[in-house]
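Asks: As they're listed, the protein sequences go chains A and B.
Residue numbers for the first sequence follow the working numbering, so the first one is 1024 and each next one is one higher.
Residue numbers for the second sequence follow the working numbering, so the first one is 1024 and each next one is one higher.
All C-beta atoms in this analysis are idealised placements derived from N, C-alpha and C, irrespective of residue type, glycine included.
Take this structure, written in structure tokens, and hold onto it; I'll ask about it next.
2 protein chains.
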Amino acid sequence: MSKGFSRRGFLTGALGTVAVAGAGGALAAYEPSRSATARTVTAIPLRGTHQAGIATPAQDRLAFAAFDVTTKHRADIIQLLNAWTLAAERMTQGAPVGTVDGRDEHVPADTGEAIGLASSNLTITVGFGPSLFDNRFGLAARKPAALAPLPEFPGDELDPARSGGDICIQACADDPQVAFHAVRNLNRMAFGVLNMRWFQLGFGRTSSTSSAQQTPRNLLGFKDGTRNVVSEDTSAMQGHVWVGASSDQDWLQDGSFLITRRIRMTIESWDRDRIGDQEAVIGRTKVSGAPLTGTREHDTPDLAATGPDGLSVIPMDAHIRLAAPESNGGAKMLRRGYSFTDGADPLTGQLDAGLFFICFQSDPRAGFIPVQRKLAADALNEYIKHTSSGIFACPPGVAAGEYWGQQLFA
Amino acid sequence: MSKGFSRRGFLTGALGTVAVAGAGGALAAYEPSRSATARTVTAIPLRGTHQAGIATPAQDRLAFAAFDVTTKHRADIIQLLNAWTLAAERMTQGAPVGTVDGRDEHVPADTGEAIGLASSNLTITVGFGPSLFDNRFGLAARKPAALAPLPEFPGDELDPARSGGDICIQACADDPQVAFHAVRNLNRMAFGVLNMRWFQLGFGRTSSTSSAQQTPRNLLGFKDGTRNVVSEDTSAMQGHVWVGASSDQDWLQDGSFLITRRIRMTIESWDRDRIGDQEAVIGRTKVSGAPLTGTREHDTPDLAATGPDGLSVIPMDAHIRLAAPESNGGAKMLRRGYSFTDGADPLTGQLDAGLFFICFQSDPRAGFIPVQRKLAADALNEYIKHTSSGIFACPPGVAAGEYWGQQLFA
Chain A
1024 MSKGFSRRGF
1034 LTGALGTVAV
1044 AGAGGALAAY
1054 EPSRSATART
1064 VTAIPLRGTH
1074 QAGIATPAQD
1084 RLAFAAFDVT
1094 TKHRADIIQL
1104 LNAWTLAAER
1114 MTQGAPVGTV
1124 DGRDEHVPAD
1134 TGEAIGLASS
1144 NLTITVGFGP
1154 SLFDNRFGLA
1164 ARKPAALAPL
1174 PEFPGDELDP
1184 ARSGGDICIQ
1194 ACADDPQVAF
1204 HAVRNLNRMA
1214 FGVLNMRWFQ
1224 LGFGRTSSTS
1234 SAQQTPRNLL
1244 GFKDGTRNVV
1254 SEDTSAMQGH
1264 VWVGASSDQD
1274 WLQDGSFLIT
1284 RRIRMTIESW
1294 DRDRIGDQEA
1304 VIGRTKVSGA
1314 PLTGTREHDT
1324 PDLAATGPDG
1334 LSVIPMDAHI
1344 RLAAPESNGG
1354 AKMLRRGYSF
1364 TDGADPLTGQ
1374 LDAGLFFICF
1384 QSDPRAGFIP
1394 VQRKLAADAL
1404 NEYIKHTSSG
1414 IFACPPGVAA
1424 GEYWGQQLFA
Chain B
1024 MSKGFSRRGF
1034 LTGALGTVAV
1044 AGAGGALAAY
1054 EPSRSATART
1064 VTAIPLRGTH
1074 QAGIATPAQD
1084 RLAFAAFDVT
1094 TKHRADIIQL
1104 LNAWTLAAER
1114 MTQGAPVGTV
1124 DGRDEHVPAD
1134 TGEAIGLASS
1144 NLTITVGFGP
1154 SLFDNRFGLA
1164 ARKPAALAPL
1174 PEFPGDELDP
1184 ARSGGDICIQ
1194 ACADDPQVAF
1204 HAVRNLNRMA
1214 FGVLNMRWFQ
1224 LGFGRTSSTS
1234 SAQQTPRNLL
1244 GFKDGTRNVV
1254 SEDTSAMQGH
1264 VWVGASSDQD
1274 WLQDGSFLIT
1284 RRIRMTIESW
1294 DRDRIGDQEA
1304 VIGRTKVSGA
1314 PLTGTREHDT
1324 PDLAATGPDG
1334 LSVIPMDAHI
1344 RLAAPESNGG
1354 AKMLRRGYSF
1364 TDGADPLTGQ
1374 LDAGLFFICF
1384 QSDPRAGFIP
1394 VQRKLAADAL
1404 NEYIKHTSSG
1414 IFACPPGVAA
1424 GEYWGQQLFA
């Protein structure tokens, strides 16, 4: 669990009067308190070359929202992105969006449920969907060629109401209340400009994005993302994750393409499957996470190995074979997914649970799309179905004084 | 955040062979590992006079499920409760339910997603709903008089599909994946005996049950449960929480009545309200949590105080006035609620979020019911609606060799 300084550090005075400046106030006024327990400051800076929440270490909890634009005015969107950037910077540093109390007539600038909670490594990442680039806001000429709705894949059972969207927010933190608070407050600021289209809570990370992190387990009970791109691999980050100078759209350079897939697992069926079949479906040993051709988790899978029976040790339809860079012309993505549950399915009484898959890549036409096509033959398909889908172009990070997407709207 | 020993400590041998005994194995075989980082063991014992998960300190995360019995055979229920008790004891001590891998033909006895996670103060608490005591299983004569479906309250908008149930499980832990894992595995064991009726994830606790805990905030942004019964108050626990010797049903002595209410908050409306009105609705100052008649959170509200205008300082319809023991003939409950969100409301685009209220009491006829009737006049009703409801009788704790509810079925 991460630690961070407390939001309480920003609240001073009798009766809890908030002394910090409002949402437009100077960040220089921040002075994190050092409590008696001397908690380590682990807040992640919002500003930088790239947006935080991609290469930064994957936090434990997720709140993800997609929005439709309801305003007709481009200026409203720009104004909102300005306000969002300032608010997000405050929240990621553990501060409220603005003053909570004060005179009776004051409407709180922050909803308050994160007061007293640590900054919790909160990151907030913004992306723009293909539909934002239609004829409403004069952005059609700035649409990246790769930002197209995803093709239909075999077995898709997508719910349009929880797919797509003009704009998305990915909020990750080690405390779910901090992540929820971030989305709620940005949503609130968007009143009259955006309407929330869908929302997904993720309760446990299923990927590591740093070699310093332990590989987590997904709801299949297997370690997930063992071969994920890690941020320390700068070559892979430059080649496969960040949009480079050769992009057809300058504004997206140093950004990335984000794809979301809500993958429902029929865990009740999976849980009745014998261990030998589960391990053959994945291509790894369940407890250790080692490939079936190795003994340790990070052993490289030997896709050519055959057993005494002459058959492949890692079956031809095993998930890790079909998803491997070696099977996809070297295609790699940075995955950043989370386990979810949305309660019991009213029709079946089964848990509506699975993996909210998130990946980042420099070009989905060379990343997610060909790999997902390859996965049409995946033995795992017997136990999963994709129920929502989204694609978003995430602009680069913001420099001092900039707002999210300024390069796009300028 | 709590720490605990790792489930990894139970997994030994090459290729991760699980060395612990199966679900029926002896607990004496457990030997928690002491890792190099020497994490503190904080597992909470399952067995004792009372069930864990009531008076034990409220953990940060919740997974709650209610089930309908589908078998016709009383013996099946008894067998399941036996198996559940053993499995729950293992899980609360950080162990898997049973062997994960082994021979190819073996179906894993544990779903695996909590391997490597700390025990995280997991508690699992079981309750029996009124419907279990109908004529199906010969329990009608053992039904406590107080275990009746709750009366209708003004403003109820209950969804029957996510209300009620024959049996419930409350799993609380400081890691949500550990809580989810517990419910999932107990659900799995119940195949053919129970069917999950509804499930609720709670992402942040809204109550303290120990004076050593800081008071958390609910999604209204206010500190919640400041005047909650705490476990250190043994007099209140005996008088208001635990079922005593005068109960009409001996089997329930040392148990408690559990009530759940899924309280949706119209947070978008609340968030547009001015601070003076929010504080008048609750009766407390938002940031400090002090009653409007005091300066510090734990100051006792002065319900008689009037201002210069002659009006009550804590308004007549303020939430803390109407919920106060002083307004309800001394009625007290132990609250153990959690904030929830179930995503965006497809009709409105608003967040479907609020408080999953949980309380424990020795008799709901002297606890929740009269207080909830009093709250018909609550100013807060403008911003909330109750969307699900449940009542369950939680049997006492299990002694060595006993199973949950043994006193009821014996």
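Does DSSP put residue 1218 of chain A in a helix, in a strand, or in coil?
Replies: Here the question's residue 1218 of chain A lines up with position 195 in the first sequence. In this structure, residue 1218 of chain A counts as strand in the three-state DSSP scheme.
Asks: Looking only at its chain, what residues have a beta carbon closer than 6 Å to the beta carbon of residue 1403 of chain B, apart from the 5 residues adjacent to it on each side?
Replies: Taking the first residue of the second sequence as 1, we reach residue 1403 of chain B at position 380. Cβ within range, chain order: 1304, 1342.
Asks: Is the region 1211 to 1225 of chain B touching the region 1083 to 1092 of chain B in the sense that three or more CB pairs, one from each, lie closer than 8 Å?
Replies: yes
Asks: Can you tell me the Cα-Cα spacing of residue 1138 of chain B and residue 1205 of chain B, whole angstroms?
Replies: The residue labelled residue 1138 of chain B in the question sits at position 115 within the second sequence. The residue labelled residue 1205 of chain B in the question sits at position 182 within the second sequence. C-alpha separation (whole angstroms): 12 Å.
Asks: Can you have a look at residue 1311 of chain B and say buried or exposed, based on whether 16 or more other CB atoms are within 10 angstroms of its CB?
Replies: Indexing the second sequence from 1 puts residue 1311 of chain B at position 288. Label assigned to residue 1311 of chain B: buried.
Asks: Taking only beta-carbon atoms, is residue 1283 of chain A less than 8 Å away from chain B?
Replies: Position 260 of the first sequence, counted from the start, is the residue given in the question as residue 1283 of chain A. Judged by the 8 Å Cβ criterion, residue 1283 of chain A is not in contact with chain B.
Asks: Output the distance between the C-alpha atoms of residue 1442 of chain B and residue 1396 of chain B, rounded to the nearest integer angstrom.
Replies: Since the first and last residues shown for chain B are 1024 and 1433, residue 1442 of chain B lies out of range.
Asks: Go ahead and pull the three-state DSSP assignment for residue 1101 of chain B.
Replies: Here residue 1101 of chain B refers to the residue found at position 78 of the second sequence. In the structure shown, residue 1101 of chain B sits in a helix (DSSP, three-state: H, G or I).
Asks: Roughly how many whole angstroms lie between the Cα atoms of residue 1298 of chain B and residue 1122 of chain A?
Replies: One-based indexing of the second sequence puts residue 1298 of chain B at position 275. One-based indexing of the first sequence puts residue 1122 of chain A at position 99. In a straight line, the C-alpha of residue 1298 of chain B is about 10 Å away from that of residue 1122 of chain A.
Asks: With three or more C-beta pairs closer than 8 Å as the rule, is the region 1375 to 1387 of chain B touching the region 1157 to 1165 of chain B?
Replies: no
Asks: Under 8 Å: do the region 1068 to 1075 of chain A and the region 1101 to 1115 of chain A share three or more Cβ pairs, one atom per stretch?
Replies: yes
Asks: Are any of the Cβ atoms in chain B nearer than 8 Å to that of residue 1129 of chain A?
Replies: For this step, residue 1129 of chain A is matched to residue 106 along the first sequence. True, the Cβ-Cβ gap to chain B drops below 8 Å.
Asks: In this structure, what does DSSP give as the bridge partners for residue 1240 of chain B?
Replies: Indexing the second sequence from 1 puts residue 1240 of chain B at position 217. DSSP output for residue 1240 of chain B lists B:1246 as bridge partner(s).
Asks: Determine whether the Cβ of residue 1200 of chain A lies closer than 8 Å to any Cβ atom of chain B.
Replies: As a first step, residue 1200 of chain A must be located in the first sequence, where it is residue number 177. Yes, contact with chain B.
Asks: What is the rounded straight-line gap between the Cα of residue 1104 of chain B and the Cα of residue 1127 of chain B?
Replies: Walking along the second sequence from the start, residue 1104 of chain B turns up at place 81. Walking along the second sequence from the start, residue 1127 of chain B turns up at place 104. Residue 1104 of chain B and residue 1127 of chain B: Cα-Cα distance of roughly 29 Å.
Asks: On a CA-only basis, which of A:1399, A:1233, A:1324, A:1178 is nearest residue 1411 of chain A? Give me that one, please.
Replies: Walking along the first sequence from the start, residue 1411 of chain A turns up at place 388. Among A:1399, A:1233, A:1324, A:1178, the Cα nearest to that of residue 1411 of chain A is on A:1178.
Asks: Quick one: using the 10 Å Cβ neighbour count with 16 as the cut-off for buried, is residue 1417 of chain B buried or exposed?
Replies: Translated into positions along the second sequence, residue 1417 of chain B becomes position 394. By the neighbour-count rule (16 or more Cβ atoms within 10 Å), residue 1417 of chain B is buried.
Asks: List the residues of chain B whose Cβ lies closer than 9 Å to the Cβ of residue 1332 of chain A, in chain order.
Replies: Here residue 1332 of chain A refers to the residue found at position 309 of the first sequence. Within 9 Å Cβ-Cβ: nothing; residue 1332 of chain A doesn't reach chain B, min ~14 Å.
Asks: Quick check: the Cα distance between residue 1406 of chain A and residue 1316 of chain B, rounded to an integer number of angstroms?
Replies: Residue 1406 of chain A sits at position 383 when you count from the first residue of the first sequence. Residue 1316 of chain B sits at position 293 when you count from the first residue of the second sequence. The alpha-carbon atoms of residue 1406 of chain A and residue 1316 of chain B are separated by roughly 58 Å.
Asks: Cα separation between residue 1209 of chain A and residue 1107 of chain A?
Replies: Within the first sequence, residue 1209 of chain A is the residue found at index 186, counting from 1. Within the first sequence, residue 1107 of chain A is the residue found at index 84, counting from 1. The straight-line gap separating the alpha-carbon atoms of residue 1209 of chain A and residue 1107 of chain A is approximately 6 Å.
Asks: Are the CB atoms of residue 1248 of chain B and residue 1084 of chain B within a distance shorter than 8 Å?
Replies: Residue mapping note: residue 1084 of chain B aligns to position 61 of the second sequence, counting from 1. Residue mapping note: residue 1248 of chain B aligns to position 225 of the second sequence, counting from 1. Not a contact, by the Cβ cut-off of 8 Å.
Asks: Please report the residue range of the beta strand (DSSP E) in which residue 1292 of chain A lies.
Replies: Counted from its first residue, the first sequence places residue 1292 of chain A at position 269. Residue 1292 of chain A -> not in any beta strand (DSSP E); alpha helix (DSSP H) instead, spanning 1290 to 1293.
Asks: Taking the alpha helix (DSSP H) that residue 1204 of chain B belongs to, which residues open and close that run?
Replies: To locate residue 1204 of chain B, count along the second sequence from 1; it is residue 181. Run containing residue 1204 of chain B: 1199 to 1212, per the alpha helix (DSSP H) assignment.
Asks: Taking a cut of 8 Å between CB atoms, which residues from the region 1368 to 1382 of chain B lie near chain A?
Replies: 1369, 1372, 1373, 1374, 1376
Asks: Using beta carbons (cut-off 8 Å, strictly below), is residue 1309 of chain B in contact with chain A?
Replies: Sequence index remark: in the second sequence, residue 1309 of chain B carries index 286 (1-based). Output row for residue 1309 of chain B: interface = yes.
Asks: Where are the beta strand (DSSP E) runs, 3 residues long or more, that stay fully inside the region 1261 to 1313 of chain A, in chain order?
Replies: 1279 to 1288
Asks: So, residue 1264 of chain A versus residue 1384 of chain A, is the Cβ gap smaller than 8 Å?
Replies: Residue mapping note: residue 1264 of chain A aligns to position 241 of the first sequence, counting from 1. Residue mapping note: residue 1384 of chain A aligns to position 361 of the first sequence, counting from 1. Here residue 1264 of chain A is near residue 1384 of chain A, since their CB atoms are less than 8 Å apart.
Asks: Tell me the residue span of the beta strand (DSSP E) that contains residue 1193 of chain A.
Replies: Along the first sequence, read from residue 1 onward, the residue named residue 1193 of chain A stands at position 170. 1190 to 1196 is the extent of the beta strand (DSSP E) around residue 1193 of chain A.
Asks: At the 8 Å Cβ level, is residue 1289 of chain A part of the contact set with chain B, yes or no?
Replies: The sequence position of residue 1289 of chain A within the first sequence is 266, counting from 1. Residue 1289 of chain A does not count as touching chain B.
Asks: Taking one C-beta from the region 1364 to 1373 of chain B and one from the region 1139 to 1146 of chain B each time, how about it: are there three or more such pairs within less than 8 Å?
Replies: The count of Cβ pairs closer than 8 Å, one atom from the region 1364 to 1373 of chain B and one from the region 1139 to 1146 of chain B, stays below three, leaving the stretches out of contact.
Asks: Should residue 1282 of chain A and residue 1387 of chain A be called a contact, given that it needs their Cβ atoms to be closer than 8 Å?
Replies: Start at 1 with the first residue of the first sequence, and residue 1282 of chain A comes out as number 259. Start at 1 with the first residue of the first sequence, and residue 1387 of chain A comes out as number 364. Yes.
Asks: Excluding sequence positions up to five away, which residues of its chain have a Cβ less than 6 Å from the Cβ of residue 1358 of chain A?
Replies: Within the first sequence, residue 1358 of chain A is the residue found at index 335, counting from 1. Answer for residue 1358 of chain A: 1230, 1248, 1251, 1382, listed in chain order.
Asks: Could you pull the DSSP bridge partners for residue 1384 of chain B from this structure?
Replies: On the second sequence, position 361 is the one that residue 1384 of chain B refers to. Residue 1384 of chain B is bridged to B:1280.
Asks: May I ask you to list, following chain order, the residues of the region 1134 to 1158 of chain A that have a beta carbon less than 9 Å from some beta carbon of chain B?
Replies: 1134, 1135, 1136, 1137, 1138, 1139, 1140
Asks: For residue 1344 of chain A, report the span of its beta strand (DSSP E) as first-last.
Replies: The residue you call residue 1344 of chain A lines up with position 321 of the first sequence. Run containing residue 1344 of chain A: none in the beta strand (DSSP E); it sits in the alpha helix (DSSP H), 1342 to 1346.
Asks: Answer yes or no: do residue 1151 of chain A and residue 1101 of chain A have a C-beta to C-beta separation smaller than 8 Å?
Replies: What you label residue 1151 of chain A is simply residue 128 of the first sequence in a count that begins at 1. What you label residue 1101 of chain A is simply residue 78 of the first sequence in a count that begins at 1. Cβ atoms of residue 1151 of chain A and residue 1101 of chain A: not closer than 8 Å.
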